[in-house]
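Going from the sequence shown to the working numbering is simple: count from 1 and add 26.
Every residue gets a Cβ at the ideal spot worked out from N, C-alpha and C, and that includes glycine.
For reference, the structure discussed in these notes is given below.
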Amino acid sequence: MEEKKLILDRNEISYINIKGGNRLEGIVSPDGAKNSALIQLAALTLVDGHFVTLKNLPLISDVYDSIEMLNECGLTTKLQDNEVTVMGKATSYEYSTYYGSRIRASLAFLGSTLSKFGQVVLPLPGGDKIGERPIDIHIDVLNAFGIETTITNGFVIGKAKEFPLKGSTVYLRFPSVLATVNAILLAVLADGKTVLSNVAKEPEIIDLTNLLTKMGAKISGVGTDKITIVGVDTLHTAVHEIMPDRLEAAALMMSIVMTKGKGCIEKTIPEHNIPLIETLKHCGVVVEIEGDKVHLDAKNFSKGFQVETRPFPGLATDVQPLITPLGLLCPEESIITDNIFHERFSHVDELKKMGAKIDRFNNTIHVKPYSKLSGASVEGGDIRTVVTLINAALSINDHSKVFGIEHLNRGHSRFIEKLMRLNADINVVNL
Numbered sequence: 027m028e029e030k031k032l033i034l035d036r037n038e039i040s041y042i043n044i045k046g047g048n049r050l051e052g053i054v055s056p057d058g059a060k061n062s063a064l065i066q067l068a069a070l071t072l073v074d075g076h077f078v079t080l081k082n083l084p085l086i087s088d089v090y091d092s093i094e095m096l097n098e099c100g101l102t103t104k105l106q107d108n109e110v111t112v113m114g115k116a117t118s119y120e121y122s123t124y125y126g127s128r129i130r131a132s133l134a135f136l137g138s139t140l141s142k143f144g145q146v147v148l149p150l151p152g153g154d155k156i157g158e159r160p161i162d163i164h165i166d167v168l169n170a171f172g173i174e175t176t177i178t179n180g181f182v183i184g185k186a187k188e189f190p191l192k193g194s195t196v197y198l199r200f201p202s203v204l205a206t207v208n209a210i211l212l213a214v215l216a217d218g219k220t221v222l223s224n225v226a227k228e229p230e231i232i233d234l235t236n237l238l239t240k241m242g243a244k245i246s247g248v249g250t251d252k253i254t255i256v257g258v259d260t261l262h263t264a265v266h267e268i269m270p271d272r273l274e275a276a277a278l279m280m281s282i283v284m285t286k287g288k289g290c291i292e293k294t295i296p297e298h299n300i301p302l303i304e305t306l307k308h309c310g311v312v313v314e315i316e317g318d319k320v321h322l323d324a325k326n327f328s329k330g331f332q333v334e335t336r337p338f339p340g341l342a343t344d345v346q347p348l349i350t351p352l353g354l355l356c357p358e359e360s361i362i363t364d365n366i367f368h369e370r371f372s373h374v375d376e377l378k379k380m381g382a383k384i385d386r387f388n389n390t391i392h393v394k395p396y397s398k399l400s401g402a403s404v405e406g407g408d409i410r411t412v413v414t415l416i417n418a419a420l421s422i423n424d425h426s427k428v429f430g431i432e433h434l435n436r437g438h439s440r441f442i443e444k445l446m447r448l449n450a451d452i453n454v455v456n457l
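What follows is the structure, encoded as structure tokens:
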């Protein structure tokens with residue numbers, strides 16, 4: 027499968043060149059949700075002689091890797107524009123390190139493959155380097171369904187004591203999104219009833235269960251702390267449109283806000299970003315919600331802010347880096363705590379290269395007001411850090427270079443193009 031040119035070759039050295047100072051204005055919309063797409067692609071391991079079509083697919087490198095994992099297990103995939111159709115029948119429960127070890131969401135193949143075969147050999151996941159991300163909670167879920175697991179030579183090896191799987195009662199000690207996904211995928215074909223408690227309530231979970239319901243799964247309680255699933259014998263053909271990406275919507279909102287711009291994010295679901303929207307309002311940004319549109323006017327900032335990350339419906343940990351540079355423009359000190367990933371502050375040292383004054387105390391940072399910023403050469407090692415540095419650079423009337431575009435391409439296929447449409451002076455330079 028040939029990747030489109032909007033995704034740069036992984037080995038190509040390049041950077042994002044930015045001349046900041048332009049006030050961003052205009053209308054843009056997010057692509058389909060990255061995290062929804064990845065877990066739904068993993069779920070399609072369960073396609074059994076039927077076909078499933080996913081629409082509004084974001085054309086990002088993580089999606090291409092997930093599609094290749096489906097090909098590895100024996101399914102046939104057809105990608106055209108922003109739509110993929112998966113058909114056939116999975117014939118293998120083993121995955122290579124080439125694709126599976128590059129993305130975090132490959133963990134979702136644990137649940138779907140075990141549900142299909144009763145065994146799995148999956149490389150330990152990759153993804154963003156944002157602190158410790160253990161998989162013990164996933165192992166606990168597998169154990170609850172009678173699956174024995176070992177980790178050997180960088181692979182998770184799982185085998186069911188009894189297959190087909192039996193329904194179970196599972197309590198998640200933390201409402202992990204991917205652990206919830208694995209529990210759901212293990213349950214949809216299991217004999218009998220499964221009750222999942224303390225589950226994640228993120229929109230991506232709802233989007234996944236909408237797909238599975240279209241395929242014939244019997245699921246209730248989604249969006250609450252408890253999900254009940256009655257297993258079915260097989261899943262069938264379905265067509266599903268992936269929801270808009272709430273994190274790209276948040277990133278684009280912050281692009282406009284950081285330049286004191288005025289614009290609109292359309293074709294989004296505003297309710298998915300209420301914590302961010304309310305924080306912007308608190309700081310003096312004029313925000314109006316109109317159906318699937320979020321209108322922003324960021325002429326003035328009147329206050330600092332204090333936020334903490336929480337599982338949905340709280341402020342997402344992925345938004346924490348994005349909102350950090352806002353504190354540099356506010357007239358008061360801002361305080362940000364990440365309760366999900368305590369080490370997720372790699373963006374702080376890079377922002378300091380631009381002149382930011384930020385103090386860190388464990389999992390909390392204090393962002394000093396009115397820091398005098400200047401252009402710099404900076405680098406992001408994960409998706410959100412790269413976006414954060416781009417947005418910070420857009421706010422500075424100076425030239426900046428942002429390295430790490432390979433990470434940006436894992437989460438956003440057209441982010442730079444969208445910024446250009448909003449009047450940003452930005453381009454990619456290949457060395």
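I'd like the list of long-range same chain contacts for residue i, defined as Cβ closer than 7 Å, with 5 residues on each side in sequence excluded.
i    : result
K244 : I255, V256, V258
A205 : I163, H164, V167, L198
R410 : D344, P347, L348
R336 : N365
N48  : T285, N449, A450, D451
I416 : I42, I44, V428
N97  : T103
Spatial neighbours of residue i within its chain, please: C-beta separation below 8 Å, excluding the five flanking residues on both sides.
i    : result
D35  : Low local confidence applies: a pLDDT of 47 at D35 is under 50, so the model's placement there is unreliable, with the coordinate-based value given in what follows. Contacts found: none.
G172 : A186, K187, E188, L191, K192, S194
H22  : The question about residue 22 has no answer, for the chain in this structure spans 27 to 457.
D17  : An answer regarding residue 17 cannot be provided, because it is not within the stretch 27 to 457 covered by the chain.
If you follow the alpha helix (DSSP H) that residue i is part of, which residue opens it and which one closes it?
i    : result
P229 : 229-240
A275 : 272-284
T411 : 409-420
T139 : 134-143
S372 : 372-379
Can you tell me whether residue i is buried or exposed, with buried defined as 16 or more other CB within 10 angstroms of its CB?
i    : result
M241 : buried
P357 : exposed
T102 : exposed
P56  : buried
P351 : buried
F387 : exposed
P347 : buried
E228 : buried
K325 : exposed
M95  : buried
M446 : exposed
K60  : buried
Y124 : exposed
I53  : exposed
Y396 : exposed
G317 : exposed
P201 : buried
Report the partner residues of residue i according to the DSSP bridge assignment.
i    : result
L105 : V110
T294 : Per DSSP, none; premise fails for T294.
N456 : S40
P149 : F181
T175 : G184
D323 : K288, V312
V265 : T79
L222 : V196, I253
Q332 : I361
L67  : Looking at the DSSP assignment, L67 forms no beta bridge with any residue, so it has no partner.
G58  : P270
F387 : T390
Where do the N-terminal and C-terminal ends of the beta strand (DSSP E) with residue i fall, by residue?
i    : result
S403 : 403-405
H76  : 74-81
P301 : Unbroken run through P301 is the alpha helix (DSSP H), 300-309; no beta strand (DSSP E).
S127 : Here S127 belongs to no beta strand (DSSP E), and DSSP marks it neither H nor E.
F429 : 425-429
G52  : 51-54
H392 : 390-393
S87  : Looking at the DSSP string, S87 is not in any beta strand (DSSP E); the run it does join, the alpha helix (DSSP H), is 87-98.
K244 : 244-246
Kindly list the residues whose CB is nearer than 6 Å to the CB of residue i, restricted to its own chain and excluding five residues on each side of it in sequence; keep chain order.
i    : result
N297 : Note that residue 297 is Glu in the sequence shown, not Asn. For E297, where only same-chain residues beyond five positions count, there are no Cβ hits under 6 Å.
R128 : D91, G152
I422 : G46, L399, G401
S223 : Y197, K252
I361 : Q332, H392
V73  : V112
M280 : L348, N417
K115 : D74, G75
S246 : T254
E230 : N61, S62
A382 : L354, S397
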